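Going by my numbering, the residue at position 131 of the sequence shown is 136; the numbering climbs one at a time, nothing skipped. Following: one structure in structure tokens, then a few remarks.
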Amino acid sequence: MKVRILTVGNKMPSWVQTGFDEYYKRIQPMLSTEIVEIAAAKRAKNPSDANLAQYREQEGQAILAAHNASSREQLWVLDVKGKMISTEGLADKLADGMQQGDDIALVIGGADGVSPEVLAKADAKLSLSALTLPHPLVRVVLMEQLYRAMSINNNHPYHRGN
């Protein structure tokens, strides 16, 4: 199984890259992981609602183009309105995907959210938190949670859950 993180935006601060890289390095023996950066739409200084919809649409098309829909790659989208999932629940979902032989594309949308087209094609809509998190931080949190979930699945002592 392979997990690809499709994320809108690039040029992350060094602290984001450092945090992401730490968990990326740790997870590789347990789960092949790749990050695919998608360019954010160029934004106006004071965008209208129509502009925001256009940005989501443009980024959504790029996300769907990066998704390998012809293979057995599930599309999991991180969305504030998605299903709240625990670390143990994520571990179970990853284990199910591994049993089915599926790959996973995990989507971190742009600053203005994810397009309706991407949400419509999603196999799962998940939420990391009810809090609003900055997109750079989501990369680090997601990678750490993937590592923690795989630690659970591999009986590694990293996770100290209930």
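Ideal Cβ placement from N, Cα and C applies to all residues, glycine included. Remember, predicted model here, so these are calculated numbers, not experimental data.
(request) Check each candidate in 113, 28, 14 and name the one with the smallest Cα separation from residue 154. (result) If you number the sequence shown from 1, residue 154 lands on position 149. Answer by Cα proximity: 28.
(message) Applying the 10 Å Cβ sphere with the 16-neighbour rule, what's the burial state of residue 64?
(response) Counting from one through the sequence shown, the residue named residue 64 turns up at place 59. With a threshold of 16 other beta carbon atoms within 10 Å, residue 64 meets it and is buried.
(request) Report yes or no: do the stretch 28-40 and the stretch 56-63 share at least 3 C-beta pairs separated by less than 8 Å? (result) Touching, no, given that fewer than three Cβ pairs across the two stretches are closer than 8 Å.
(request) Give me the Cα-Cα distance between residue 121 and residue 80, rounded to the nearest whole angstrom. (result) Here the question's residue 121 lines up with position 116 in the sequence shown. Here the question's residue 80 lines up with position 75 in the sequence shown. Taking the Cα positions, residue 121 is about 14 Å away from residue 80.
(message) Using a Cβ distance threshold of 8 Å, determine whether the stretch 72-92 contacts the stretch 47-58, with at least three qualifying pairs required.
(response) No, because fewer than three Cβ pairs between the stretch 72-92 and the stretch 47-58 fall closer than 8 Å, the two stretches do not touch.
(request) Determine the direct distance from the alpha carbon of residue 25 to that of residue 39, and round the result to whole angstroms. (result) Position 34 of the sequence shown, counted from the first residue, corresponds to residue 39. Position 20 of the sequence shown, counted from the first residue, corresponds to residue 25. The straight-line gap from Cα to Cα measures roughly 11 Å.
(request) Kindly indicate which residue of 7, 6, 11 has the alpha-carbon position closest to the one of residue 143. (result) Your numbering for residue 143 matches position 138 in the sequence shown. Cα-wise, what sits closest to residue 143 is 11.
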